[in-house]
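A.B. asks:
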Amino acid sequence: MKEYFIEQLSTLLEQTITIHTINNQKSISGVLINIQKDYITLVIKPGEIKQTNLQRSPYINFRKAINVPSTKTIVPGIIAEIPISSITSVYRYAI
17 MKEYFIEQLS TLLEQTITIH TINNQKSISG VLINIQKDYI TLVIKPGEIK QTNLQRSPYI
77 NFRKAINVPS TKTIVPGIIA EIPISSITSV YRYAI
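Under our numbering, the first residue of the sequence shown carries the number 17, and numbering increases by one thereafter.
1) For a test of the three-state rule: what should DSSP assign to Tyr109, helix, strand or coil?
2) Determine the DSSP secondary structure at Ile33, reduced to helix, strand or coil.
3) Using a 10 Å radius around the Cβ and a threshold of 16 neighbouring Cβ atoms, would you call Val91 buried or exposed?
4) Excluding the 5 residues preceding and the 5 following Thr89 in the sequence, name in chain order all residues of the same chain whose CB lies nearer than 6 Å to its CB.
5) If you measure between the beta carbons of Ile60 and Ile103, is that distance less than 7 Å?
6) According to the neighbour-count rule (16 or more other Cβ atoms, all chains shown, within 10 Å of its Cβ), is Ile35 buried or exposed?
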């Protein structure tokens, strides 16, 4: 039964799905990116790289001249690993 469930989940890879679990009253939505033997991995919010505006001073600060800050900021995403044994239902959303 578990093998059949994993086989059906593999058809939903890289698609947006919603999962209901045994312990949660809420649902979890995200993109299914990985299926392991005992758990699945969802990307709930992807990370992003943001451009930051740094004000350049006309003066040289010799203390900070070596460590010039980057003009990009990396914002990490949110990933959830959900045990397969706790999944009660899976809904597929059309993208």
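Yeah, the Cβ is synthetic: ideal placement off N, Cα and C, and Gly gets one too.
C.D. replies: Taking the geometry as given:
1) Note: Tyr109 maps to coil in three-state DSSP.
2) Here Ile33 sits in strand by DSSP.
3) The residue is exposed, with fewer than 16 neighbouring Cβ atoms inside 10 Å.
4) If we look at Thr89 and ignore the five residues flanking it on each side, its Cβ neighbours are Lys66, Thr68.
5) Contact: no.
6) Buried, since its Cβ has 16 or more Cβ neighbours within 10 Å.
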